[in-house]
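K.L.:
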Amino acid sequence: MSSPVRSASEPSDEEEYCEPSPESNIRECGYDKRGFVIYRTTYDGSSARPWEDFKDGVLRNVRSILKSDAPDILDAMDFVFVEDITLDGATVGDLQRRFRACVEGENMVPFETSGGDDKVYVPRGARHEFFIKVDDVGLRASHVSLVRGFPDDLTEEGREHVNVWHHAIGTELYDELGDPNAA
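Just so we're on the same page, the numbering used here is the position in the sequence shown counted from 1, plus 115.
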């Protein structure tokens with residue numbers, strides 16, 4: 116039996132399309148700041164060591180960029196760990212308001228008002244649209260809360276977006292959350 120004849124329009128095995136890496140997508144998106152703001156919301160005596168371990172894990176994930184096809188993006192990665200005891204027990208809504216104030220202060224709000232009340236989405240990257248909340252449960256479990264800073268519907272304020280694994284906080288998550296070149 117003979118093997119099927121390959122059409123001239125079909126790619127050869129050597130020409131198969133390779134999906135770009137999250138790091139190369141991030142490099143191409145053109146944003147000056149990339150990464151996440153991460154809020155600590157628990158300050159009891161037993162949370163200090165797990166918090167340090169959590170931060171070390173995130174930074175280890177970020178440093179893995181050096182082994183990627185786009186190591187140059189490391190300088191633009193901006194993971195901000197907010198440690199403020201006044202946030203002890205802060206709600207998602209409290210953090211959303213604080214996050215929005217920071218983003219507005221940087222003039223990076225992910226939408227613009229176009230006459231009237233209509234808002235037009237302007238992508239600014241996940242760094243300016245999502246943040247991470249680390250509470251007592253998140254420190255002791257293997258997941259934390261990924262929160263939309265600017266809910267589509269104001270009645271959604273105060274609701275968590277989704278839980279994400281500690282080890283997933285890095286370039287792949289950032290890329291998946293809406294950069295224009297994300298797969």
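Glycine is no exception: its CB is placed at the ideal position from the N, C-alpha and C atoms. Only a predicted model underlies this, so the values are computations on that prediction, with no experimental measurement involved.
Helix, strand or coil for N140 per DSSP?
P.N.:
Correct three-state label for N140: helix.
K.L.:
Alpha carbon to alpha carbon, how far is C144 from E198? Give it in angstroms, no decimals.
P.N.:
Each residue's Cα considered, the two are about 29 Å apart.
K.L.:
Take S183 as the anchor and find which of V207, P135, C217, R164 has the nearest alpha-carbon.
P.N.:
Checked all of V207, P135, C217, R164; the closest Cα to S183 is P135.
K.L.:
Contact between the region 164 to 180 and the region 206 to 220: three or more CB pairs below 8 Å?
P.N.:
Because the criterion of three Cβ pairs below 8 Å is not met, the region 164 to 180 and the region 206 to 220 do not touch.
K.L.:
Is the distance from the Cβ of I188 to the Cβ of D290 below 8 Å?
P.N.:
Not in contact: I188 and D290 (Cβ atoms no closer than 8 Å).
K.L.:
Report yes if the C-beta distance between K248 and D193 is below 8 Å; otherwise report no.
P.N.:
Not in contact: K248 and D193 (Cβ atoms no closer than 8 Å).
K.L.:
Who are the near neighbours of G172 in its chain, counting only those whose CB is closer than 6 Å to its CB and skipping five residues on each side?
P.N.:
Same-chain partners within the cutoff: H281.
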